[in-house]
Amino acid sequence: MTKLVSRKHLILMSSILVPWSATSLAAMAATHKHHKQTPSAAVNKAKPASMTAAPQAVAGGIRAAAPEGLSVVGRHRSTGAQTYVSALAFQKAIPGTSVLKILDQLPGIFVTTDDAQGLDTGGIAIFMHGFSQNQLGFTLDGIPLGEPVYRNYNGLNTVEAISSENVGHMDVTQGAGALSMPSTNSLGGGLQIYSADPLDKMGGQVSQTFGSNATYHTFIRFDSGQLNHSGTKFFVSYMRNDTQMWAGSGDQFLQQVNAKLVQPINDRSKMSVFFDWSNLAQFNYQDISLNYINTLGYRVANYYPNYKAAYLAAQGTFTHGENLTNDPEDVSFYAGTTQTTDYLGGVNLNLQLNDRLHWDSVIYGHGQIAATQFSDPYLASPNGAPLAEIVKRPEIHRFGFTSALTYTIARNAIHTGIWYENNQYISPMYAYSDPILTPGMAPPDPLRNFTNPFAELFGQDYNTNTFLYYLEDTYRPVKGLSLHAGFKSLISSTRVSETANVPSYTGTDKIAGGVGLTSAEAFLPHLSADWHFLRNHEVFVDVSKNMRAYPECGYHLCASPFAVSQEAFDSVRHSIRPETDWTYQVGYRFNSRHFIASATLFHVDFFNRLGSTYSGSVINPQLTVANLGSVSMNGVDADMTIIPIDNLRIFNSFSFNRAVYDNNVNISGVNYDIRNKLVVDTPEFMYKTAADYTWHNADVHFDANYIGRRPFSYTNDVFVSPYWLATTGVNYTFHDVRPLQKLTVSFNVGNLFNSKYISLMGASMSGDSETLQAAAPRQFFGSIKAAF
């Protein structure tokens with residue numbers, strides 16, 4: 001997909017009014033990339049999100065062998081407002097499935113992708129109770145990952161942070177992220193990812209997957225085992241995923257190295273070091289509209305490698321039926337690509353200072369260089385070619401630390417800590433010449449190393465300092481009852497400078513620069529309670545207030561107060577406020593050997609939504625970011641797991657979320673009646689079902705999700721259709737296959753019923769727009785994995 005915005009396509013940002021909200025986990029157990037701007041195995045219950053709960057066994061669950069302390073009792077279990085997702089979820093999914101896509105089967109979570117594995121970094125969106133990934137917190141081993149959106153400005157997408165085979169477990173919190181989470185955007189909850197420790201015994205793992213569209217997924221890992229009496233151990237792994245696009249031509253490639261060292265200090269203390277290197281080079285899927293689908297079908301793609309067709313289209317001559325649509329100029333471009341290289345590292349210190357006092361600290365650093373490219377048919381090259389290449393070359397340089405103390409006394413566990421981070425985000429965009437079309441010429445490579453730009457269209461450098469302090473106490477007055485109260489203080493200060501500006505491209509003599517804004521809240525409270533009463537019964541309550549710091553991006557590429565002209569920035573700098581929300585949850589669970597059920601009611605009041613408004617022409621629009629009001633959400637999640645026999649689990653859940661706008665808006669002098677209209681891209685209803693059966697060394701599973709219709713426009717005059725998405729898989733493990741410990745073969749099918757549906761989408765104020773992304777068709781995957 002073309003992920004950079006040409007001048008003609010600087011339309012209303014998809015985040016304008018969205019509270020930015022957008023394989024199996026079941027117990028059988030999707031920036032917005034739309035640039036156009038572009039469970040349950042068994043469920044166990046215990047404590048609210050901010051409370052520390054020891055892992056619990058799942059009643060009636062199958063306890064698989066769990067070497068090295070890795071719990072694989074079930075795919076997920078819940079405690080209070082938090083859900084624990086084990087490594088077993090990845091073992092039953094399509095190999096290489098991304099961390100976010102794994103969450104697809106959890107109640108209240110909507111994940112949508114344009115590929116079966118969820119590895120297209122611009123083609124995945126996740127929503128928790130109506131909040132999207134740029135409003136959720138993410139960490140890896142305590143290292144903040146920022147907003148995992150396309151062109152992440154303050155962190156790293158989870159796809160590139162860790163290979164899924166190296167995930168030990170994940171903690172998912174809907175409604176309110178933990179107070180201690182180092183995040184500036186956890187309005188709607190968070191995801192804490194923990195890498196698996198190296199094995200105590202020397203060994204390794206090799207796996208190879210083959211699949212549709214020439215998919216090859218390779219994973220190799222070596223574990224040193226304990227090297228000395230102190231228990232020093234490490235692992236190092238290499239992952240490579242390569243696949244052809246299912247629509248159009250082009251390759252999606254990702255390779256990654258992970259390494260982890262663990263050094264015990266004594267029986268209750270240790271130091272660990274985690275390192276990640278990732279290299280990604282992906283062709284992007286093209287945006288489509290409902291009109292394109294109705295006239296050309298779901299497989300509309302860019303022209304690559306047909307440079308002649310792209311060249312002629314830029315001159316107004318169309319050869320692929322584009323004239324049948326209502327916007328032939330924008331059906332296809334030559335290509336859009338993404339390239340990133342990241343280095344991420346962190347050191348964790350977990351020290352038990354005495355019987356009552358524990359100290360945890362993380363020191364981390366992250367660097368990224370990237371290039372996001374698209375072919376612009378509206379910008380001619382100086383050499384006479386009717387199109388040019390637009391390449392954004394962002395860089396991230398950040399470092400930080402967290403430090404926390406936990407003190408237990410009597411019936412209290414007091415937890416306090418800090419987080420500091422400095423982040424430098426460099427955001428330039430360049431224009432490069434395309435070649436003149438000549439007979440027999442080789443098509444230009446969109447992934448080539450671009451040099452000698454004919455213009456730096458714009459450039460901004462951001463520098464952000466963030467500081468977080470939190471204090472919380474968990475009090476257990478009687479057995480089975482936990483009361484939690486705490487607060488955090490968050491301040492994030494950003495200063496931006498202008499480094500380049502071409503007025504004929506940006507439409508302004510000066511873009512925002514030499515200015516800054518500070519997001520600050522001194523008191524963000526979090527209250528929760530969890531009560532286990534009678535036998536197998538639990539109720540919990542969770543209330544919190546959260547804030548999102550001002551986002552950053554390139555000029556006119558998102559709803560950031562910095563991504564505008566200097567004049568537009570000056571007009572709102574004294575009135576704009578950061579986004580905040582209050583979330584309320586109350587829930588009940590029942591947990592027995594053969595039956596597990598839960599229900600959660602939630603309400604959200606979301607304030608100070610930042611949105612983008614435009615004035616001027618479509619070709620040369622002027623953007624202003626302003627406070628566009630609030631959103632209210634009311635919903636319920638309910639799920640049930642039946643375990644008739646130990647080896648069979650049947651799971652069902654439904655989720656309802658009515659998210660509506662509280663205010664009408666005025667865009668460029670036009671009033672839009674959106675009060676009480678449904679929030680775009682947020683399904684009101686979801687139903688999920690799954691079944692899993694294990695017999696000796698074989699396991700078979702089936703998952704299906706029904707996603708209700710989603711509003712495509714803010715005025716709700718256009719919706720995208722509901723759909724069913726099903727996956728299935730089977731695996732068999734051979735034990736003691738000398739010289740191997742075990743050998744596992746598996747077969748998976750994605751989109752089993754070959755459903756045609758919209759995965760990701762942007763939005764329009766009214767009517768259709770070219771901000772949709774189609775989903776992958778049915779695909780097949782076979783894998784063999786050997787452990788030694």
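For the sequence shown, full-length UniProt numbering assigns the number 1 to the initial residue and increments by one for each residue that follows. Beta carbons: idealized from backbone N, C-alpha and C, even for Gly.
Pick from the options that is closest to residue i, judged by C-alpha positions
i	options	result
Pro198	Val236, Ser207, Thr682	Val236
Pro525	Asp473, Tyr555, Pro561, Val502	Asp473
Asn134	Glu147, Gly122, Ile126, Leu140	Glu147
Ala704	Asp104, Asn422, Ser86	Asp104
Trp359	Ser230, Ala763, Lys392, Arg268	Arg268
Tyr706	Ala89, Phe110, Ser86, Ile102	Phe110
Phe454	Val502, Asp530, Tyr150	Val502
Tyr334	Asp342, Gln315, Pro711, Thr771	Gln315
Asn350	Asn302, Gln263, Tyr555	Gln263
Tyr378	His537, Ser746, Asn294, Ser332	Ser332
Pro578	Leu610, Ala568, Leu106, Gly440	Leu610
Asn627	Ser653, Val680, Val572, Tyr661	Val572
Cβ distance (whole Å) where residue i is taken to contact residue j below 8 Å
i	j	result
Thr583	Ser544	5 Å
Leu179	Tyr470	4 Å
residue 791	Tyr84	With the chain running from 1 to 788 in the structure shown, residue 791 is simply not present.
Phe651	Thr641	5 Å
Thr506	Tyr462	Wrong, their Cβ atoms sit about 17 Å apart, outside the cutoff.
Gly346	Ile143	4 Å
residue 790	Ala776	Outside the shown range of the chain (1 to 788) lies residue 790, about which nothing can therefore be said.
Ser713	Ala763	6 Å
Ala512	Phe590	Their Cβ separation, rounded to whole angstroms, is 54 Å, which puts Ala512 and Phe590 out of contact at 8 Å.
Thr243	Gln252	5 Å
Lys201	Gly175	At roughly 41 Å, the Cβ-Cβ gap does not stay under 8 Å, so Lys201 and Gly175 are not in contact.
Tyr430	Leu457	7 Å
Separation of residue j from residue i, as counted between CA atoms
i	j	result
residue 855	His169	Nothing can be reported for residue 855: it is not among the residues displayed for the chain, which extend from 1 to 788.
Gly74	Ile162	With a pLDDT of 36 at Gly74, under the threshold of 50, the predicted position of this residue should be treated as unreliable, and no value is reported.
Tyr298	His320	14 Å
Ile390	Asn634	42 Å
Ser195	Ala380	48 Å
Val72	Gln91	Because Val72 carries a pLDDT of 26, less than 50, the predicted location of this residue cannot be relied on, and no value is offered for it.
Arg448	Ile369	15 Å
Gln373	Tyr475	53 Å
Leu752	Ala442	38 Å
Phe780	Asn748	6 Å
Ser482	Thr727	39 Å
Thr771	Pro428	24 Å
Ala42	Tyr407	Low per-residue confidence applies at Ala42: pLDDT is 30, beneath 50, and the placement is therefore not dependable, though the value from the model is reported in the following sentence. Ala42 and Tyr407: Cα-Cα distance of roughly 32 Å.
Arg240	Ser783	14 Å
Thr508	Leu527	47 Å
Tyr150	Ser592	42 Å
Pro477	Asn185	33 Å
Val718	Asn291	12 Å
Ala411	Ala529	Residue identity differs from the one stated: residue 411 is Arg in this sequence, not Ala. Distance between the alpha carbons of Arg411 and Ala529: 15 Å.
Val604	Phe274	36 Å
Leu280	Thr744	28 Å
Gly687	Val159	The sequence shown places Tyr at residue 687, not Gly. Looking at the two C-alpha atoms, the distance is approximately 26 Å.
Ser755	Phe131	26 Å
Leu648	Ala698	12 Å
Arg778	Tyr285	17 Å
Leu534	His701	34 Å
Tyr723	Asp355	54 Å
Range covered by the beta strand (DSSP E) that runs through residue i
i	result
Ala568	That residue, Ala568, is in no beta strand (DSSP E); its alpha helix (DSSP H) goes 566-572.
Tyr732	723-735
Pro377	Element bounds for Pro377: n/a, residue is neither H nor E.
His603	595-607
Ser746	742-750
Asn634	631-645
Met202	Here Met202 belongs to no beta strand (DSSP E), and DSSP marks it neither H nor E.
Residue interval of the alpha helix (DSSP H) (run including residue i)
i	result
Phe90	88-91
Thr506	503-506
Val99	99-102
Residue i at chain E interface by Cβ criterion, 9 Å
i	result
His537	In the structure shown, chain E cannot be found, because there is only a single protein chain.
- Message: I'd like the ranges of any beta strand (DSSP E) spanning at least 3 consecutive residues and lying wholly in the region 119-187.
- Response: Here the runs fully enclosed are 124-128, 137-140, 167-174.
Which complete beta strand (DSSP E) runs does the region 230-310 hold, if anything under 3 residues is left out?
If we require 3 residues or more, the beta strand (DSSP E) runs fully inside the region 230-310 come out as 233-244, 251-266, 269-283.
| message | Please give the ranges of any beta strand (DSSP E) in the region 490-568, keeping only runs that are unbroken, at least 3 residues long and fully inside the region. | response | Taking 3 residues as the minimum length, the beta strand (DSSP E) runs contained wholly in the region 490-568 are 515-533, 537-548, in order along the chain.
### Task
Please list the segments of the beta strand (DSSP E) lying wholly inside the region 350-433, counting only runs of 3 or more residues, in order along the chain.
Runs of the beta strand (DSSP E) inside the region 350-433: 357-376, 388-392, 395-409, 412-433.
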